[in-house]
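Enquirer: Heads up, the sequence shown is in the working numbering, so the first residue is 2 and it goes up one at a time. We put the CB at the ideal spot given by N, CA and C, even for glycine. Below is the structure I would like to discuss, written out as structure tokens.
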Amino acid sequence: MVKDNNTLQYLVRKAIELGVSDAKIIPAKAVCVEERFARMCESPQCSNYGLSINCPPHVMKTDEFKKSLSQYDYALVFKIDAPTDMLLSEDRRVIARLVHEISATIEKLAIEAGCVNSKGLAAGSCKRIFCEEYVKCKVLEDGSQCLFPDLARPSMSGLGINFNELTKTLGWQFNKITGETNPDDVPMGMLAGMVLIGGREV
Ligand code: SF4
Numbered sequence: 002m003v004k005d006n007n008t009l010q011y012l013v014r015k016a017i018e019l020g021v022s023d024a025k026i027i028p029a030k031a032v033c034v035e036e037r038f039a040r041m042c043e044s045p046q047c048s049n050y051g052l053s054i055n056c057p058p059h060v061m062k063t064d065e066f067k068k069s070l071s072q073y074d075y076a077l078v079f080k081i082d083a084p085t086d087m088l089l090s091e092d093r094r095v096i097a098r099l100v101h102e103i104s105a106t107i108e109k110l111a112i113e114a115g116c117v118n119s120k121g122l123a124a125g126s127c128k129r130i131f132c133e134e135y136v137k138c139k140v141l142e143d144g145s146q147c148l149f150p151d152l153a154r155p156s157m158s159g160l161g162i163n164f165n166e167l168t169k170t171l172g173w174q175f176n177k178i179t180g181e182t183n184p185d186d187v188p189m190g191m192l193a194g195m196v197l198i199g200g201r202e203v
């Protein structure tokens with residue numbers, strides 16, 4: 002059980018230093034997970050479905066992920082606010098890459114701080130973000146190591162995280178951005194990441 006509030010506050014500070022718009026700590030058990038969200042990757046099928054070890058159907062199933070949350074004490078959730086125009090353009094990939102990188106960095110810092118059971122999650126498919134020039138995800142292709150183990154993290158939506166509920170818990174205003182969203186009506190959106198934190202005894 003992580004009992005050291007200083008460590009949690011240190012990790013929040015680090016996330017802010019790395020450029021997130023906000024970061025908050027909630028109990029891991031407050032993360033709402035529902036299968037219908039993981040199924041959205043499949044139908045209507047996301048263009049990245051099945052292309053990486055970090056996306057469905059290769060990630061942990063929703064039930065398994067829900068059970069695994071009991072291994073963690075807290076979730077550090079962070080967001081990067083961005084103009085809707087950017088999120089609807091190729092720039093989305095740049096922001097998503099940053100979310101993966103920050104998640105991986107906070108995971109590393111948490112482990113170094115003694116929270117040895119910590120796990121970063123991110124937004125979007127790592128295949129499109131990091132490995133677009135490769136035909137196949139290296140892990141799926143021949144079982145070898147991920148080409149970007151210090152950067153790429155599993156997709157939050159692929160695990161079934163209910164982002165709408167999560168933002169309500171955090172007190173963040175969430176505007177869902179889709180291809181039909183008019184930036185004049187909804188000028189800002191966000192991409193988010195999460196680090197599940199556990200393992201420190203003090
Ligand atoms: S090799 Fe590329 S596509 Fe596969 S898990 Fe790593 S970053 Fe993702």
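1. Report back the beta-carbon spacing between G144 and V196 to the nearest angstrom; my notes put them in contact at under 8 Å.
2. When DSSP builds the beta bridges, which residues end up paired with P84?
3. Could you have a look at Y75 and say whether DSSP puts it in helix, strand or coil?
4. Count Cβ pairs between the region 89 to 99 and the region 33 to 53 that sit closer than 8 Å; are there 3 or more?
5. Quick one: Cα of I130 to Cα of R93, how far?
6. Please report the residue range of the alpha helix (DSSP H) in which A111 lies.
7. For Q10 and E181, what's the separation of their Cα atoms in angstroms?
8. At the level of alpha carbons, what is the spacing between Q72 and P28?
9. Bridge partners of A24, per DSSP?
10. Between the beta-carbon of P45 and the beta-carbon of G51, is there less than 9 Å?
Expert: Checking against the coordinates, here is how it stands:
1. Taking the sequence shown and counting its residues from 1, the one referred to as residue 144 is at position 143. Taking the sequence shown and counting its residues from 1, the one referred to as residue 196 is at position 195. No, G144 and V196 are not in contact; Cβ-Cβ is about 27 Å, not under 8 Å.
2. For this step, residue 84 is matched to residue 83 along the sequence shown. The beta-bridge partner set that DSSP reports for P84 consists of M189.
3. Translated into the one-based positions of the sequence shown, residue 75 becomes position 74. Three-state result, Y75: strand.
4. No: fewer than three Cβ pairs fall under 8 Å.
5. Residue mapping note: residue 130 aligns to position 129 of the sequence shown, counting from 1. Residue mapping note: residue 93 aligns to position 92 of the sequence shown, counting from 1. Straight-line spacing of the CA atoms in I130 and R93 works out to 10 Å.
6. In the sequence shown, the residue the question calls residue 111 occupies position 110. Where A111 is concerned, the enclosing alpha helix (DSSP H) stretches over 92 to 113.
7. The residue you call residue 10 lines up with position 9 of the sequence shown. The residue you call residue 181 lines up with position 180 of the sequence shown. Taking the straight line joining both Cα atoms gives about 38 Å.
8. Working through the sequence shown from its first residue, we reach residue 72 at position 71. Working through the sequence shown from its first residue, we reach residue 28 at position 27. Each residue's alpha carbon lies about 11 Å from the other.
9. Residue mapping note: residue 24 aligns to position 23 of the sequence shown, counting from 1. Per DSSP, F79.
10. Taking the first residue of the sequence shown as position 1, residue 45 is located at position 44. Taking the first residue of the sequence shown as position 1, residue 51 is located at position 50. Taking 9 Å as the Cβ cut-off, P45 and G51 do not qualify as a contacting pair.
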